Amino acid sequence: MLLLRFALQRLAISIPSLLLILIGVFILLQFAPGDTVDALLAQIGGGDSTLAEQLRQFYGLDAPVTVQLGRYLWRLAQFDLGYSAIYGKPVAEVILERLPVTLLLMVSSLLVAVVGGVLLGIIAARKVNRWQDTTISTLALLFYATPSFWLGVMAVVLFSIHLDWLPAGGLEDIGGGLHGWQRAVDIARHMILPTLTLGLIFLSVYVRIMRAAMLEVATLDFVRTARAKGVSENRIVTRHILRNALLPLVTLIGLHAGTMLGGSVIVESVFTLPGLGRLAYDAVMQRDLNTLLGIVFISALLVIVVNFLVDLLYARLDPRIRAKGH
Amino acid sequence: MSLSRRSLFASVSALAAAAALPRFAFAADAAAIDAPKAGGAVSVHLAAEQRILNPALRASTGVYIVTSKIIESLVDLGADGKPVPVLATSWEAAPDGKTITFKLREGVTWHDGKPFTSADVQYNALELWKKHLNYGTQLHLSLEAVDTPDAHTAIFRYSRPMPEGLLLRALADLGYVVPRHLFEGTNPLENPANTAPIGTGPFRFVEYQRGQYIIAERNPTYWRKGFPYADRIVWRVISDKSAAVAALETGQVQLSAYNQLALADIDRLRKDARFEVSARGNEANAFNNTLEFNHRRKELADVQVRRAIAHAIDVDFFAENFLYGTGKRATGFIPSNSTAFYPGGSFPYPYDTKTAEKLLDQAGYKRGSDGTRFSLKLLLVPNGEDVGQFATFIQQSLADVGIAVEIVQLDMAAALSTIYKEWNFDLATGWHQYRGDPAVSTTVWFRSGSPKGSPWTNQHGWQSDSIDTLIDTAASEVDPVKRRALYAQLVDDINRDLPIWFATERQFVSVTNKTLKNHHNTPRWPSSSWYDLSL
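If you read the protein sequences in the order shown, they are chains A and B. Numbering of the first sequence is given in UniProt numbering, commencing with residue 1 and proceeding in unit increments. Numbering of the second sequence is given in UniProt numbering, commencing with residue 1 and proceeding in unit increments.
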């Protein structure tokens, strides 16, 4: 019950910022020269001005900007995200089609990044300044410094074109007629390269954070006390050091939720995944205002939810926060 | 079948002299290629998703590459570039050019089983082509009625003479017919058949997964008996160029048309034995790199300055080094493969910086103390990666003759609106696409009076009464010989005045996996029906 109240409270606080974000994006897009009809004419290679007028009327672009904004907010108040100019159907429907792919990519990349980052970070910290630490730290630095689009393209060249182990792109085999488990395995095979491409960058950050946090916590008094009590080394690491060292990492995950959505634009393009990132890119290029605002709305909600979960996790990891928070 | 033919060739050749051996090998290969096989799935690269898949509402290669397999046009272009029958079997123009009668194919049915009749053609011409189809609205400006005396005759009535050649060449692109019974009484722009197309073509629409793929399958009741060969076509949506090349190299897609790959990759695949990389089958899709002048700038209103700019840019060097040899210097606005109109000749302003400098001096724009004569703002319309390169090439070439150029880079929608709606440019560069007849695609670039905001039309502040008259006369000249002569005259006039410069002349290049047979055998092949394509 307390949790639910906490959740609702957080959501209520976010509403004004959500509104500000939406109005901001709306106004920002008005500054971009060209509207969705210009984009359409570009796509079809031209057309005369009566055709353009007719289309502007069709898309509701003939009204003044303030009226358009008013219409948009009024619709939003009724939980209606409007109609997509590119897709010719309700924005909510378009986004719901694309959301699962992006969520799958985000969750799997985050898992890879967190699990890999924590494990490698622990190893590096335990073997500090030994060859294991040097190898892990160097690799982490290398992956952190590599742009994700390059990493993705190189992964495709190596694993798809030369070795022919994994598919080059797409979400699943087209027209393979696969169902149930077979389909899940097929999708998993398609997701390996994108997940690694997106995950490795965050993994390399987490490795460094984890290593530093572990080393710092290891010097604190309570660890020395535990060691003096004769607690086994493994137990010291898992129960005493790790739990405390996780806090900065958890903070970062919350901050990274938005960055990951941004990163998915590139990864989804390189691997031709039908997710929100690519949809956002198309919406900008095609000046599809409703779709773009819809994506911003959903993304903002996602970031809010992730940060809420992070807060909960925080409280679990460190009881002191709970005591202070409520 | 092919095996027995091959062995027949083998036995015949065995009797022949040893010197004939190389020929025998060739003949056997040819026999194997000539025998098409039925079945199999063809996978095609689709670079940009279209909002609607209806070629009767949207005239663009991005729409045709999908829909022309499902929906058919009245005519197509044959291997020799001349119109050939598809849904229309024959046509006849009245001597005054004001009526053109089409006989329509009998026994053709829509994919939903209803018969195709002249009523469909009438509805498409009057309600879709004339009212909504880009380029169609202009073409059919003087279309007054389409009479349907019987189910297989459609008579187009124009208030002004319509040259038969113009109409037929245009109809290959602008004559696609969608079923009247699905569109009549609805708002055609919102019709569900726009994304689940129904036509008369060799393939039937199956499924469209936005952002992923489109699938069409063999139409078993297609009117060309025994066709098509392929069982299904899958279009994969791949917007990233490097991802598209990877898909080609791994065999995920077998065809990428209309220059949707990086030019460097196209050039690299040329050396790959698995692919045919060629402009073959794209003869009807010629295009140019343009240099557009804003004549509201006093320097550019002077023809000597425009000529000087043309003299200052080494187009051959650009074509060789930036386009990987896939283009050449244009001689005028009509491309050399437009057999019906190309007048020959040469471009009057060859690369010559000395002449360029002299012309600029004569025009009164001497170099200032910093070596600069004047500065210009160059906008680019990012049709392809080479546009940005051409812009940089223009910038550096003009710097050599003392004109400073600032490049303004915008995305597509912004560039079109800035140039053609706000007129906020000095120079602009992009592509001009030639659509088979100057009256369809090209004379709008020179004709004055185009309403503000129409992209790729004369928004340049340039006007010439004599050229306006010439354009109007040619558009309604029914004698093909006279019409050809009028356009030759127009090419000369445009080259003289240079209101816009079409600098390069290019054809689209397709990359095709050699597992495909019978491909690129007509001049607008990527936009044709692929009824005889096989694996």
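Glycine included, C-beta positions come from ideal geometry on N, C-alpha and C. What you are looking at is a predicted structure, and each value in this text was computed from that prediction instead of being measured.
Going by the CB atoms, is the gap between residue j and residue i shorter than 8 Å?
i	j	result
Pro202(B)	Phe227(B)	yes
His152(B)	Leu189(B)	no
Thr166(A)	Arg183(A)	Checking the sequence shown, residue 166(A) turns out to be Leu, not Thr. In this structure, Arg183(A) does not lie closer than 8 Å to Leu166(A) by Cβ.
Ile236(A)	Arg227(A)	yes
Tyr420(B)	Ser397(B)	no
Ile298(A)	Ala280(A)	no
Asn289(B)	Ala503(B)	yes
Thr137(B)	Asp48(A)	yes
Leu46(B)	His132(B)	no
Leu533(B)	Val42(B)	yes
Tyr365(B)	Ile313(B)	no
Gly60(A)	Ala413(B)	no
Leu120(A)	Ala155(A)	no
Met162(B)	Gly113(B)	no
Asp497(B)	Ser448(B)	no
Ser204(A)	Ala245(A)	no
residue 537(B)	Val234(B)	The structure shown does not extend to residue 537(B), since chain B spans only 1 to 535, so no value can be given for it.
Excluding five sequence neighbours on each side, which residues of the same chain lie with their C-beta closer than 8 Å to the C-beta of residue i?
i	result
Ala79(B)	Asn521, Thr522 and Pro523
Ser7(B)	A caution first: Ser7(B) carries a pLDDT of 42, below 50, which makes its placement in the model unreliable, though a value can still be read off. Answer for Ser7(B): no residue qualifies.
Ala193(B)	Asn54, Val178, Pro179, Leu182 and Phe183
Pro36(B)	Tyr229, Lys517, Asn518, Asp532 and Ser534
Ala172(B)	Ser73, Val75, Asp76, Leu77, Pro83, Ala284, Gly436 and Arg524
Val250(A)	Val310, Leu313, Tyr314 and Leu317
Ile253(A)	Leu110, Val114, Val306 and Val310
Lys441(B)	Sequence inspection shows Ser at residue 441(B); the Lys mentioned does not correspond to that position. Contacts found: Tyr135, His432, Gln433, Tyr434 and Arg435.
Ser108(A)	Met191, Thr195 and Gly199
Whose CA, out of the options, lies closest to the CA of residue i?
i	options	result
Asn282(B)	Ser527(B), Asp532(B), Tyr531(B) and Ser534(B)	Ser527(B)
Val112(A)	Leu2(A), Phe202(A) and Thr219(A)	Phe202(A)
Leu168(B)	Ala244(B), Thr101(B), Phe116(B) and Val146(B)	Thr101(B)
Ile15(A)	Ala77(A), Gly180(A), Gly116(A) and Phe58(A)	Ala77(A)
Tyr324(B)	Arg268(B), Asp240(B), Ala330(B) and Pro348(B)	Arg268(B)
Val408(B)	Asp400(B), Gly388(B), Pro95(B) and Glu357(B)	Gly388(B)
Met260(A)	Leu302(A), Leu193(A) and Leu40(A)	Leu302(A)
Asp468(B)	Val444(B), Lys452(B) and Glu477(B)	Val444(B)
Glu207(B)	Asp386(B), Val66(B) and Glu385(B)	Val66(B)
Spatial neighbours of residue i within its chain, please: CB distance less than 7 Å, with the 5 preceding and 5 following residues excluded, ordered by chain position.
i	result
Phe425(B)	Asn294, Lys377, Leu379, Thr418 and Ile419
Ala30(B)	Here Ala30(B) scores only 44 on pLDDT, less than 50, and its place in the model should not be relied on; the value that follows carries that caveat. No residues qualify anywhere along the chain.
Gly275(A)	Arg98, Val101, Thr102, Leu105, Ser264 and Glu268
Ile52(B)	Arg58, Asn194 and Thr195
Asn124(B)	Ala56, Val177 and Val178
Val491(B)	Gly332, Phe333, Ile334 and Pro343
Can you find the residues in the same chain that come closer than 6 Å, C-beta to C-beta, to residue i, ignoring five residues on each side of it along the sequence?
i	result
Gly277(A)	Ser264, Val265 and Glu268
Pro22(B)	Only weak support is given to the placement of Pro22(B): the predicted model assigns it a pLDDT of 39, under 50, and the value that follows is read from those uncertain coordinates. Taken in chain order, the list of residues that qualify is empty.
Ile86(A)	Gln286 and Asp288
Leu255(B)	Val44 and Thr512
Ser160(A)	Leu166 and Ala168
Phe26(B)	Low confidence applies here, because Phe26(B) scores a pLDDT of 42, under 50, leaving its location unreliable; read the following figure in that light. Counting only Cβ-Cβ distances below 6 Å, and skipping sequence neighbours, we find nothing.
Ser4(B)	Any answer about Ser4(B) is weak, because its pLDDT of 43 lies below 50 and its placement is not dependable; what the coordinates show is given next. The answer is none, since no qualifying residue turns up.
Starting from the beta carbon of residue i, find every residue of chain C whose beta carbon is closer than 7 Å, and list them in chain order.
i	result
Ala391(B)	No chain C appears in the structure shown, which is made up of the protein chains A and B.
- Message: Closer than 9 Å between beta carbons: that is the criterion. Which residues of the region 120–149 of chain B meet it against chain A?
- Response: Taking 9 Å as the Cβ-Cβ cut-off against chain A, the residues of the region 120–149 of chain B that qualify are Lys131, His132, Leu133, Asn134, Tyr135, Thr137 and Gln138.
- Message: Taking beta-carbon pairs under 7 Å, can you tell me which members of the region 284–298 of chain A lie near chain B?
- Response: From the region 284–298 of chain A, only Met285 and Arg287 have a Cβ closer than 7 Å to chain B.
- Task: Return the residues of the region 238–253 of chain B that lie within a Cβ-Cβ distance of less than 7 Å from chain A, sorted by chain order.
- Result: Close to chain A, meaning a Cβ-Cβ distance shorter than 7 Å, are the following residues of the region 238–253 of chain B: Ile238, Ser239, Asp240, Ser242, Ala243, Ala246, Ala247, Glu249, Thr250 and Gln252.
- Item | Sufficient close CB pairs (3 or more, under 8 Å) joining the region 430–444 of chain B to the region 328–339 of chain B | The region 430–444 of chain B, when compared against the region 328–339 of chain B, does touch it at the 8 Å Cβ threshold.
- Query: In the region 186–217 of chain A, which residues sit with their C-beta less than 9 Å from some C-beta in chain B, listed in chain order?
  - Reply: Within the region 186–217 of chain A, no residue qualifies.
- Task: Count the C-beta pairs between the region 242–260 of chain B and the region 293–308 of chain B that are closer than 8 Å, then say yes if the count reaches three, no if not.
- Result: Touching, no, given that fewer than three Cβ pairs across the two stretches are closer than 8 Å.
- At a cut of 8 Å, does the region 257–264 of chain B reach the region 135–150 of chain B through at least three beta carbon pairs? No: the two stretches stay apart, fewer than three of their Cβ pairs being nearer than 8 Å.
- Mind listing which residues of the region 64–97 of chain A have their C-beta closer than 8 Å to chain B's C-betas, in chain order? If you check each beta-carbon in the region 64–97 of chain A against every beta-carbon of chain B, the ones closer than 8 Å belong to Ala85, Ile86, Tyr87, Gly88, Val94 and Glu97.
- Contacting positions in the region 37–60 of chain A - beta carbon closer than 9 Å to chain B: Under the 9 Å Cβ criterion, the region 37–60 of chain A contributes Val37, Asp38, Ala39, Leu40, Leu41, Ala42, Gln43, Ile44, Gly45, Gly46, Gly47, Asp48, Ser49, Thr50, Leu51, Ala52, Glu53, Gln54, Leu55 and Phe58.
- Message: Short of 8 Å Cβ to Cβ, which residues in the region 253–271 of chain A face chain B?
- Response: Here the close residues are Ser269, Val270 and Phe271.
- Item | Cβ-based contacts, 9 Å cut-off: residues of the region 403–420 of chain B near chain A | Within the region 403–420 of chain B, the residues whose Cβ lies closer than 9 Å to some Cβ of chain A are Leu410, Asp411, Met412, Ala413, Ala414, Ala415, Leu416, Ser417, Thr418 and Tyr420, listed in chain order.
- Name, going along the chain, the residues of the region 168–185 of chain A whose beta-carbon falls closer than 8 Å to a beta-carbon of chain B. Under the 8 Å Cβ criterion, the region 168–185 of chain A contributes Ala168, Gly169, Gly170, Leu171, Ile174 and Gly175.
- Query: For the region 224–236 of chain B, which residues have a CB atom closer than 8 Å to at least one CB atom of chain A, in sequence order?
  - Reply: For the region 224–236 of chain B, which is checked against every Cβ of chain A, the residues closer than 8 Å are Arg232, Val234 and Arg236.
- Message: Closer than 8 Å between beta carbons: that is the criterion. Which residues of the region 357–368 of chain B meet it against chain A?
- Response: Flagged: no residues at all.
- Task: Taking a Cβ distance cut-off of 7 Å, strictly less, list which residues of the region 454–468 of chain B are near chain A, in chain order.
- Result: Those residues of the region 454–468 of chain B that come within reach of chain A (Cβ to Cβ, closer than 7 Å) are Ser454, Pro455 and Trp456.
- Query: the region 25–36 of chain A: which residues have C-beta closer than 8 Å to a C-beta of chain B, in chain order?
  - Reply: Listed in sequence order: Ala32, Pro33, Gly34, Asp35 and Thr36.
- Query: Using a beta-carbon distance cut-off of less than 8 Å, what residues from the region 172–192 of chain B approach chain A?
  - Reply: Per Cβ criterion, the list reads Leu189 and Glu190.
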